[in-house]
Amino acid sequence: MDQKQAGTPKLRHQPPTSRFWESVTILQRRRTTVIAVFATLAILVHLVLRFVLRTPAGMQQMPLLATLVFGGIPLVYELTRNLLRREFGSDLLAGISIVSSVLLHEYLAGSIVVLMLSGGEALENYALRNASSVLRALAKRMPAIAHRKRDSVIVDVALDEIAVGDTLVVYPHDICPVDGTVIDGHGVMNEAFLTGEPFEIT
Numbered sequence: 005m006d007q008k009q010a011g012t013p014k015l016r017h018q019p020p021t022s023r024f025w026e027s028v029t030i031l032q033r034r035r036t037t038v039i040a041v042f043a044t045l046a047i048l049v050h051l052v053l054r055f056v057l058r059t060p061a062g063m064q065q066m067p068l069l070a071t072l073v074f075g076g077i078p079l080v081y082e083l084t085r086n087l088l089r090r091e092f093g094s095d096l097l098a099g100i101s102i103v104s105s106v107l108l109h110e111y112l113a114g115s116i117v118v119l120m121l122s123g124g125e126a127l128e129n130y131a132l133r134n135a136s137s138v139l140r141a142l143a144k145r146m147p148a149i150a151h152r153k154r155d156s157v158i159v160d161v162a163l164d165e166i167a168v169g170d171t172l173v174v175y176p177h178d179i180c181p182v183d184g185t186v187i188d189g190h191g192v193m194n195e196a197f198l199t200g201e202p203f204e205i206t
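The sequence shown begins at 5 in the working numbering and counts up one residue at a time.
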């Protein structure tokens, strides 16, 4: 196999998102999820108090006020910090909506915005964690050595010793260590870990 790219093995030591998740604590990663769950439960309690138990209006608003205090204040504070750093995004409109709903005493609308904002961030964090776990799984599957062929002699070498133009031998059931071009023989490769598609190439 005529190898084209020898930089791929670096993924074994440093997945792209590992430094990001090392700098973020577990509490910070779960904060938006906790707020989203709390907002959902608070809205459900409000609906029960309002339409089922028909309690006084003041009691009906208590779960919503708790949501705006527990979830709205941290979210608005974070959005304000982003605004001061001149980092603008669609979340800024959500923050304005939360503040406006409080000023207009539309606590249900404000709680729904809190749920939408925190729920969106929680789903985004979940997707990012899944993506990083797939990258880590792919990195763990990287082989530690490759079989280099020179003058009819096959020698096992470390991946960082492979140079462009080396001829490598890939045995049956081996994981292809680098990118390259097949110059002799044939086989079937599974690219599911790279592309996500359960197709085999020959």
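Backbone N, C-alpha and C define an ideal beta-carbon position, used for all residues, glycine too. Because the structure is a prediction, the values reported are computed rather than measured.
Looking at P67 and V49, is the spacing between their C-beta atoms short of 8 Å? Locating residue 49 in the sequence shown gives position 45, counting from the first residue. Locating residue 67 in the sequence shown gives position 63, counting from the first residue. Yes, the pair counts as a contact, with Cβ atoms nearer than the cut-off.
Step through the CB atoms of chain D and report whether any lies within less than 8 Å of the CB of T206. Chain labels in this structure do not include chain D; a single protein chain is all it has.
Does the Cβ of L97 have 16 or more other Cβ atoms within 10 Å, making it buried, or fewer, making it exposed? For the purposes of this step, residue 97 is taken as residue 93 along the sequence shown, with counting starting at 1. It is exposed - the Cβ of L97 has fewer than 16 other Cβ atoms within 10 Å.
Beta-carbon within less than 7 Å of E125's beta-carbon, same chain only, minus the 5 sequence neighbours each way: which residues are those? Numbered from its first residue, the sequence shown carries residue 125 at position 121. Taken in chain order, the residues that qualify are T36.
G62, DSSP secondary structure in three states: Residue mapping note: residue 62 aligns to position 58 of the sequence shown, counting from 1. Secondary structure at G62: helix, using DSSP grouped into helix, strand and coil.
Is R145 closer than 8 Å to I179 when the C-beta atoms are compared? Stepping through the sequence shown from its first residue, residue 179 is reached at position 175. Stepping through the sequence shown from its first residue, residue 145 is reached at position 141. I179 is a Cβ neighbour of R145, given a cutoff of 8 Å.
Thinking just about the alpha-carbon of each residue, which of V103, L139, T71 and I166 is nearest to the one in S115? Within the sequence shown, the letter at position 111 stands for residue 115. Nearest C-alpha to S115: T71.
What separation, rounded to the nearest whole angstrom, lies between the Cα atoms of R34 and G191? Taking the first residue of the sequence shown as 1, we reach residue 34 at position 30. Taking the first residue of the sequence shown as 1, we reach residue 191 at position 187. Per the coordinates, the alpha-carbon of R34 lies some 45 Å from the alpha-carbon of G191.
Give me, in chain order, the residues of the same chain whose beta-carbon lies closer than 6 Å to that of T206; leave out the 5 immediate sequence neighbours on both sides. As a first step, residue 206 is located in the sequence shown; it is residue number 202 there, counting from the start. Non-local beta-carbon contacts of T206 in its own chain, meaning distances under 6 Å to residues more than five positions away in sequence, involve V192 in chain order.
Closest by CA to T44, which one among V168, D183, G123 and E128? As a working note, residue 44 is residue 40 in the sequence shown. Ranking the options by Cα distance to T44, first place goes to G123.
Suppose you measure from the CA of V186 to the CA of R140; what does that come to, to the nearest Å? Taking the sequence shown and counting its residues from 1, one reaches residue 186 at position 182. Taking the sequence shown and counting its residues from 1, one reaches residue 140 at position 136. So the two alpha carbons sit approximately 27 Å from each other.
Using DSSP's beta-bridge definition, name the partner residues of T71. For the purposes of this step, residue 71 is identified with residue 67 of the sequence shown, where counting begins at 1. Beta-bridge pairing links T71 to no other residue.
Would you call A46 buried or exposed, if buried means 16 or more other Cβ atoms sit within 10 Å of its Cβ? Locating residue 46 in the sequence shown gives position 42, counting from the first residue. So A46 counts as buried.
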